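Below is one structure, written out as structure tokens; the observations come after it.
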Amino acid sequence: MDKELLAMLVCPLCKGKLKYDRDAQELLCKYDGLAYPIRDGIPVMLPEEARRMGVDEKLPASPGRTGET
């Protein structure tokens, strides 16, 4: 993903910053809990095409959080 393009893109709903998930090929909006897909190198910035993120994906990682209960 081009760094300049990534710097210009914002969430179409809240206009907030997006986090690039290279492994999943998605742009994440943690505020709205949506993951926008990147298909063939092109970000699909349509809310109806976005995946709803799970609770664990929306929470920030912390040093004491291991994911086990």
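According to my numbering, numbering within the sequence shown proceeds without interruption in unit steps and concludes at 72.
Cβ atoms here follow ideal geometry from the backbone N, Cα and C, with glycine treated the same way.
Quick caveat: nothing in here was measured; it's all calculated off a predicted structure.
Grouping DSSP H, G and I as helix and E and B as strand, with all else coil, what is residue 10?
Shown here, residue 10 sits in a helix according to DSSP, grouped into three states.
For residue 20, I'd like the list of residues in its chain whose CB is within less than 6 Å of its CB, leaving aside the five on either flank, ordered along the chain.
No residues qualify anywhere along the chain.
Which value, in whole angstroms, describes the spacing of the CA atoms of residue 4 and residue 59?
So the two alpha carbons sit approximately 25 Å from each other.
Shortest alpha-carbon distance to residue 9 belongs to which of 55, 48 and 57?
The shortest C-alpha separation from residue 9 is found at 48.
As a quick exercise: from 7, 61 and 17, pick the residue whose alpha carbon is nearest that of residue 36.
Ranked by Cα distance from residue 36, the options 7, 61 and 17 are led by 61.
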